[in-house]
Amino acid sequence: MSGFRTILPLEREYRLRDALNVRSSGPGGPAIAHVASWKTASQWVRMVMSDPQLMRATGYRARYVRGTTGAPGLAGEHIQVNTLATPIYAAADHPLLQQDVRVFAVVREPVALARSWFRANATNHPSNEHVDARRRSLDDLRRADADGETLLRASFDFGFVEALSIGASWIGRADEPNVRISRFEDLTHPSQVQIELSSIFDHLEFGEHTGLVPRLVERYGKSRIGSVERWLRPASERKYGVTTASSASRVDELSDEDVRAVIRDTTKAASHQERTIDLLAAYDRLYPSPLSAPTEEQPTS
């Protein structure tokens with residue numbers, strides 16, 4: 028694995044990759060979009076899919092799309108050919124994704140997503156002005172002796188329903204030939220990750236390059252780079268991590284059914300204003316039975 032990854036901050040590495048004049052030997056092809064919601068390993072997938080060796084072999088250029096106009100790899104409100112947009116945090120009705128785009132969307136089981144969502148807001152997301160404000164809010168609740176359900180529900184105020192809705196919208200398009208749904212749990216399971224990446228490559232018509240998959244997993248696997256949280260920020264920036272530890276433990280003590288109840292109540296409240304879809308029912312299509320206990324994961328941004 029390249030040694031500079033332990034030195035360069037993540038965003039600087041992406042800027043470096045964007046600036047590289049990669050000499051392509053591959054044919055390129057139709058526009059591709061890696062669609063994600065937050066906390067679905069989007070940055071790890073982005074690292075894999077923007078790998079320079081993969082880009083040279085396929086003829087694609089990986090681009091991070093922050094908005095619908097003015098971003099590299101876009102022409103007006105269309106993703107250019109030979110461009111792999113990774114990631115796009117957007118629902119299935121997003122204007123950018125109505126053209127002829129080959130999509131692979133990564134979704135995550137709602138209870139696990141909710142727990143990860145709380146941990147990110149409480150302790151392990153990189154510190155910034157908005158995250159620090161959320162942590163202060165959660166810490167105020169902790170000091171007021173709020174229970175786990177109250178703390179979890181409070182963390183949902185920071186965009187959780189939107190994240191859940193992104194995944195649900197793409198599950199609704201799972202039968203379309205240009206859409207492939209990938210489960211986070213398969214992408215991050217040690218015995219499944221190569222199988223899942225190979226299936227994604229087949230969907231993207233990268234099938235002749237599936238031989239790169241073991242090398243990519245080795246290059247970007249957890250054993251080599253550690254957690255995203257560790258290499259995104261130095262320890263000096265981990266504000267509020269200690270003071271919110273007890274808040275996290277209260278949420279960890281909730282049963283999966285308790286968490287589902289909080290999700291159900293939260294999405295039901297949101298539906299009165301803007302949502303009509305039963306989000307949990309949408310996910311039941313991919314997760315018909317409770318997941319087994321979590322195994323060691325790849326980085327989970």
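Heads up: the sequence shown begins at 28 in the numbering used here, then just goes up one per residue.
Note that the Cβ used here is the ideal one computed from N, Cα and C, for glycine as well.
- Of all C-beta pairs linking the region 71-86 to the region 230-240, three or more are shorter than 8 angstroms, placing the two stretches in contact.
- Residue range 110-115 is occupied by the beta strand (DSSP E) that includes Leu111, with no alpha helix (DSSP H) assigned at that position.
- Excluding five sequence positions before and after Val286, the CB atoms of its chain that fall closer than 6 angstroms to its own CB belong to Val138, Ala141, given in chain order.
- Between the region 122-135 and the region 200-215, the count of Cβ pairs shorter than 8 angstroms is three or higher; the stretches touch.
- From the listed residues Arg169, Asp311, Val128, Phe187, the smallest Cα separation to His61 is found for Val128.
- With distances taken between CA atoms, Val108 lies nearest to Ala58 out of His121, Ala58, Arg312.
- Setting aside the 5 residues that flank it on each side, Met74 is surrounded in the same chain by Tyr247, each with a C-beta closer than 6 angstroms to its C-beta; the list follows chain order.
- In the DSSP annotation of this structure, the continuous segment of the alpha helix (DSSP H) that includes Val138 starts and ends at 137-146.
- Around the C-beta of Lys295, fewer than 16 other C-beta atoms lie within 10 Å, and the residue is accordingly described as exposed.
- The beta carbons of Asn151 and Arg162 sit no closer together than 8 angstroms.
- For Arg312, no alpha helix (DSSP H) encloses it, and the DSSP letter there is neither H nor E.
- Nearest in C-alpha terms to Arg312, of all of Gly199, Ser218, Gln221, is Gly199.
- Note that the C-beta distance between Ala195 and Tyr310 is below 8 angstroms.
- For Ala132, the uninterrupted beta strand (DSSP E) segment begins and ends at 129-134.
- When secondary structure is reduced to three states using DSSP, Ala89 falls in the strand class.
- In this structure, the CA atom of Gln80 is about 11 angstroms from the CA atom of Val240.
- Going by beta carbons, Leu281 and Leu179 fall inside the 8 angstroms limit.
- The criterion of a C-beta distance shorter than 8 angstroms is not satisfied by Val130 and Leu123.
- The region 179-241 contains, as complete alpha helix (DSSP H) runs of 4+ residues, the segments 187-198, 211-214, 220-230 (chain order).
- In the DSSP assignment, Ala63 is bridged to Val133.
- Boundaries for Leu123: no alpha helix (DSSP H) harbours it, and the DSSP string shows neither H nor E there.
- In this structure, Pro204 is the residue among Pro204, Asp172, Lys66, Glu245 with its C-alpha nearest to the C-alpha of Glu232.
- Annotation for Leu281: no alpha helix (DSSP H) segment contains it, and DSSP assigns it neither H nor E.
- For His157, the enclosing alpha helix (DSSP H) has its first and last residue at 156-170.
- Between Arg291 and Gly175, the gap from beta carbon to beta carbon reaches 8 angstroms or more.
- Gln70: member of the alpha helix (DSSP H) spanning 69-76, first to last residue.
- Under the 10 Å beta carbon count, Pro315 is surrounded by fewer than 16 other beta carbons and is classified as exposed.
- When C-alpha distances from Gln70 are compared across Tyr116, Gly56, Ile106, His105, the shortest belongs to Tyr116.
- Apart from sequence neighbours up to five positions away, the residues of its chain that approach Thr67 with a beta-carbon distance below 7 angstroms are Val133, Val134, Arg135, Phe211, ordered along the chain.
- Taking a contact as a CB-CB distance under 8 angstroms, the pair Leu214 and Val72 counts as one, their CB atoms being some 7 angstroms apart.
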